[in-house]
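A quick write-up on the structure given underneath.
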Amino acid sequence: MSDPSLLVLSSLADGDKHGYAMMEDIERFSGLRLGPGTLYGAITRLEQRGWIRPVSSDDRRQPYTLTSAGREYLKDQLENLERVVKAGLRRLRHA
Amino acid sequence: MSRLIHLFAWLYPRSWRARYGAEFSALLEDVRPDGRTAVNVLTGALAMQVRSWKSWKIFAASAVFGAVVATGLLSAIPNTYISSAVVKIGRPVSGYNPIDVINSVLVNEESRAKLTGIITKYNLYLNQRSRRPLDDVIDQMKRDIRVRLLDANITAIRLEFSYTDPGVAQQVTSEITSQLLAENLRQGHTLLEILDGANLPKVPAYPNRPLLIGVGGMCFLLMWGGLSAWRSVSVRRFAAGGPPISSGEIPSGGPVALSLPSFPEHLRRNAWKILISLALLISVAVLTFKVANPSYESKAVVKILPGANADSIASLTQSVESRASLAPIIAEYNLYLSEYHPEKVFEKMKEHIRIEPLGGNSAVGIRFTYPDRHIAQKVTQALALQMVEASAASDPPVELSVLDPASLPENWFPPVEPDYSVGLLFGLLLGVIGSVTVALFRRRPNLG
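Chains A and B are the protein sequences, given in the same order.
Take any residue in the first sequence, count from 1 to its spot, add 44: that is its number in my numbering.
Take any residue in the second sequence, count from 1 to its spot, add 5: that is its number in my numbering.
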């Protein structure tokens, strides 16, 4: 799973985060370190699709939160992935 | 590095910076400022730019890129000039082989001393001499010297030397020719004479300018097509699965309620743009074809010594234009390869040859026109040689000498064609005008 959009959505699934916190979190749970350009490319796309939105903050670091549409999309995607992972592992065991 | 990264951040589109600039800048202050981050920010900025560009911007940027590539190649490859000389060999006698003479000057072991002397005398290959052994430099010089037999009976040879300085190319060609004659005398032969002295080349033979301009044009087309396709795919993927967005702008925030057209609809909406782009491509292609395939005229003047009359000149002209005379030249230089019918090849060649008396009957001008200027020169030399040969065989013999050797043509024929660069700029200008026109046409419906 290396799609930056999915990584960002997964990172926001457990709470609001700003850009740098997302980078750190994603590196922690996936081992991938997104560059600033890649991260903000994904944030731009996700916000335009209405899957994330900025939350008010006094800091220059802008936190983002998942919208309900984004949460729904992430759930669908992860369930699909889970099916693929389970099927792959099952076939490996019987091979 | 941090400053460079912030500089790259300024390459994002203005509308994007207005929305995300402050928070992106805050993120850049937190991350480690290394080369990887810089590259990531730069590629992110370029991708965002291209995604937000309108078609004319992609066209203009591709055109500039193509022009830069062509200009860079043209300025990076040094001009190479070829000077040539023609040496006539008399009627062969037993035991005489001109190839032996050529070998001793240019090929055999003893030639190395002669070539070393020429390299030192004219300070040739200074760069190579500072980096490579002299033997390698001599081998390089041998590759730059070309000797061609002008016909199967070895009645004449042409010496060519290519170098980056036209004056030096001429001097070295002249020097090699002299050494050839001196070696010929040393071996006891007196059968060589210089028919066409080493010329001063005025126009570089390399690099191949139309080819490099074509490479620039290909870069332009590839970048234009590649970026347009990438943007189209990127915008479609961008919109897949969620609220669709427009390709032309980055909105200030929130989803945009515009519909993304299907492919046929996309074609229909962009019919104007496609038609104008095709027209531009065709006009640039025609212009390039015209520019890259000019005809060049080479001319030589053969002096006729007293005693000749109009009839004898007409007879010589007929002899030169006869099939027996033209056939070996056509075969030697692979002329008119696109013409399949032999009759038409002869007809075409005769159309391109002009032999006319000059100054009463004291000289004859020989002109030949061909798309390749080097071949035009060589064929003119061969025609002049044929005339000299025909004069010796005629009854009564007419004495001829070459007064003005075949020139390497400088100008296109007809010499009213624009320069390559003018053609390229004309094409680019057409492209910019067309793109702006398309942009204006496309904007109108949106205003309604």
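Every residue gets a Cβ at the ideal spot worked out from N, C-alpha and C, and that includes glycine.
Residue i versus residue j: straight-line alpha-carbon distance, rounded
i                : j                : result
Leu390 (chain B) : Val220 (chain B) : 39 Å
Val177 (chain B) : Ile123 (chain B) : 7 Å
Ile255 (chain B) : Trp229 (chain B) : For Ile255 (chain B), the predicted model reports a pLDDT of 41, less than 50, meaning its position is unreliable; a value from the coordinates is still stated below. Their backbone Cα atoms lie some 21 Å apart in a straight line.
Gly259 (chain B) : Asp58 (chain A)  : Any reading at Gly259 (chain B) must be qualified, since the residue scores a pLDDT of 37, below 50, and its modelled position is unreliable; the value itself is stated next. Looking at the two C-alpha atoms, the distance is approximately 22 Å.
Ile82 (chain B)  : Lys207 (chain B) : 17 Å
Trp15 (chain B)  : Ala23 (chain B)  : 11 Å
Ile143 (chain B) : Arg134 (chain B) : 10 Å
Lys119 (chain A) : Ser55 (chain A)  : 13 Å
Arg117 (chain B) : Ser109 (chain B) : 9 Å
Arg151 (chain B) : Leu340 (chain B) : 21 Å
Pro347 (chain B) : Leu78 (chain B)  : 40 Å
Ala387 (chain B) : Glu352 (chain B) : 18 Å
Thr143 (chain A) : Leu12 (chain B)  : Nothing can be reported for residue 143 (chain A), as the shown portion of chain A is limited to 45 through 139.
Trp21 (chain B)  : Asp69 (chain A)  : 25 Å
Ala381 (chain B) : Glu302 (chain B) : 7 Å
Leu51 (chain A)  : Gly79 (chain A)  : 13 Å
Asn124 (chain A) : Thr42 (chain B)  : 32 Å
Val128 (chain A) : Asp47 (chain A)  : 16 Å
Gly246 (chain B) : Glu344 (chain B) : Any reading at Gly246 (chain B) is ruled out, since the residue's pLDDT is 45, under 50, leaving its predicted position unreliable.
Val91 (chain B)  : His379 (chain B) : 14 Å
Leu122 (chain A) : Ala65 (chain B)  : 43 Å
Thr48 (chain B)  : Leu205 (chain B) : 51 Å
Ile181 (chain B) : Gly172 (chain B) : 14 Å
Arg191 (chain B) : Ala397 (chain B) : 27 Å
Ser80 (chain B)  : Glu34 (chain B)  : 42 Å
Thr330 (chain B) : Arg153 (chain B) : Thr is not the amino acid found at residue 330 (chain B); the sequence shown has Ser there. Taking the straight line joining both Cα atoms gives about 19 Å.
Leu136 (chain A) : Arg37 (chain B)  : 40 Å
Ala139 (chain A) : Ala131 (chain A) : 12 Å
Met354 (chain B) : Ser320 (chain B) : 19 Å
Pro376 (chain B) : Met6 (chain B)   : 54 Å
Asp141 (chain B) : Gly40 (chain B)  : 42 Å
Of the listed residues the options, nearest to residue i (C-alpha basis)
i                : options                                : result
Ile360 (chain B) : B:Met392, B:Met146, B:Trp277, B:Ser116 : B:Met392
Asp170 (chain B) : B:Pro362, B:Met223, B:Phe351, B:Tyr127 : B:Tyr127
Glu356 (chain B) : B:His346, B:Leu340, B:Phe373           : B:Phe373
Arg89 (chain A)  : B:Gln386, B:Leu47, B:Ser57             : B:Ser57
Leu111 (chain B) : B:Arg8, B:Leu164, B:Val369             : B:Leu164
Trp277 (chain B) : B:Ser320, B:Trp61, B:Ala315, B:Leu12   : B:Trp61
Asn84 (chain B)  : B:Lys383, B:Leu388, B:Met223, B:Ala174 : B:Ala174
Arg148 (chain B) : B:Ser30, B:Tyr130, B:Gly222            : B:Tyr130
Ser101 (chain A) : A:Arg127, A:Arg135, A:Asp60, A:Pro48   : A:Asp60
Arg93 (chain A)  : A:Arg77, A:Met67, A:Leu110             : A:Leu110
Tyr25 (chain B)  : B:Ala50, B:Ala319, B:Tyr375, B:Arg37   : B:Ala50
Leu216 (chain B) : B:Ala75, B:Ser367, B:Pro376, B:Trp235  : B:Ala75
Arg53 (chain B)  : B:Ala234, B:Ser327, B:Asp316, B:Arg19  : The question names Arg, but residue 53 (chain B) is Met in the sequence shown. Among B:Ala234, B:Ser327, B:Asp316, B:Arg19, the Cα nearest to that of Met53 (chain B) is on B:Arg19.
Arg236 (chain B) : B:Pro38, B:Ile63, B:Val44, B:Ile10     : B:Ile63
Ser179 (chain B) : B:Leu227, B:Val73, B:Ser89             : B:Ser89
Val73 (chain B)  : B:Val44, B:Gly222, B:Leu9              : B:Gly222
Ala234 (chain B) : B:Asp140, B:Asn45, B:Lys59             : B:Lys59
Ala49 (chain A)  : A:Ala86, A:Met66, A:Arg72              : Reading the sequence as shown, one finds Ser at residue 49 (chain A) and not Ala. Here the closest residue by C-alpha is A:Ala86.
Assumed close pair residue i, residue j - CB separation to whole angstroms, cut-off 8 Å
i                : j                : result
Val55 (chain B)  : Leu232 (chain B) : 6 Å
Ile371 (chain B) : Val307 (chain B) : 7 Å
Ile96 (chain A)  : Tyr108 (chain A) : 5 Å
Ser300 (chain B) : Ala395 (chain B) : The pair is not a contact, with the Cβ atoms about 26 Å apart (cut-off 8 Å).
Arg104 (chain A) : Ala27 (chain B)  : 6 Å
Tyr64 (chain A)  : Leu32 (chain B)  : 6 Å
Ala161 (chain B) : Lys93 (chain B)  : 5 Å
Met146 (chain B) : Leu185 (chain B) : Their Cβ separation, rounded to whole angstroms, is 15 Å, which puts Met146 (chain B) and Leu185 (chain B) out of contact at 8 Å.
Phe225 (chain B) : Phe70 (chain B)  : 6 Å
Lys304 (chain B) : Tyr338 (chain B) : No, Lys304 (chain B) and Tyr338 (chain B) are not in contact; Cβ-Cβ is about 17 Å, not under 8 Å.
Ile318 (chain B) : Val369 (chain B) : 6 Å
Gly114 (chain A) : Leu76 (chain A)  : With 8 Å as the limit, Gly114 (chain A) and Leu76 (chain A) do not qualify as a contact, their Cβ atoms being about 20 Å apart.
Ser167 (chain B) : Ile87 (chain B)  : 5 Å
Report the residue ranges of all alpha helix (DSSP H) runs contained in full by the stretch 13-98 of chain B; include only those spanning at least 4 residues, in chain order. Scanning the stretch 13-98 of chain B from its first residue to its last, the whole alpha helix (DSSP H) runs of 4-plus residues come out as 19-35, 40-57, 60-81.
Completely contained beta strand (DSSP E) runs for the stretch 328-376 of chain B, where each covers 3 or more residues: Within the stretch 328-376 of chain B, the complete beta strand (DSSP E) runs of at least 3 residues are 358-363, 368-375.
Please identify, using Cβ separations under 9 Å, the residues of the stretch 105-120 of chain A that lie next to chain B, in order along the chain. Those would be Arg105, Gln106, Ala113, Tyr117, in chain order.
Please name the residues in the stretch 114-141 of chain B whose beta-carbon is closer than 8 Å to at least one beta-carbon of chain A, in chain order. Residues passing the 8 Å Cβ filter: none.
Which parts of the stretch 52-110 of chain A are runs of the beta strand (DSSP E), unbroken and 3 residues or longer, counting only runs that do not cross its ends? Here the runs fully enclosed are 96-98, 108-110.
Beta carbons nearer than 8 Å to chain B: which residues of the stretch 62-75 of chain A have them? From the stretch 62-75 of chain A, only His62, Gly63, Tyr64, Met67 have a Cβ closer than 8 Å to chain B.
Anything in the stretch 47-62 of chain B with a Cβ closer than 8 Å to a Cβ of chain A? List those residues in chain order, please. Within the stretch 47-62 of chain B, Leu47, Thr48, Gly49, Ala50, Ala52, Met53 place their CB atoms closer than 8 Å to a CB of chain A, listed in sequence order.
What are the residues of the stretch 21-33 of chain B that lie near chain A, defined by any Cβ-Cβ distance shorter than 8 Å? Per Cβ criterion, the list reads Trp21, Tyr25, Ala27, Glu28, Phe29, Ser30, Ala31, Leu32, Leu33.
Below 9 Å between beta carbons is the criterion; list the residues of the stretch 59-83 of chain B that meet it against any residue of chain A, in chain order. Nothing from the stretch 59-83 of chain B brings a Cβ to less than 9 Å from some Cβ of chain A.
Cβ-based contacts, 8 Å cut-off: residues of the stretch 74-94 of chain A near chain B: Listed by position, the residues of the stretch 74-94 of chain A near chain B (Cβ gap below 8 Å) are Gly79, Pro80, Gly81, Thr82, Leu83, Tyr84, Gly85, Ile87, Thr88, Arg89, Glu91, Gln92, Arg93, Gly94.
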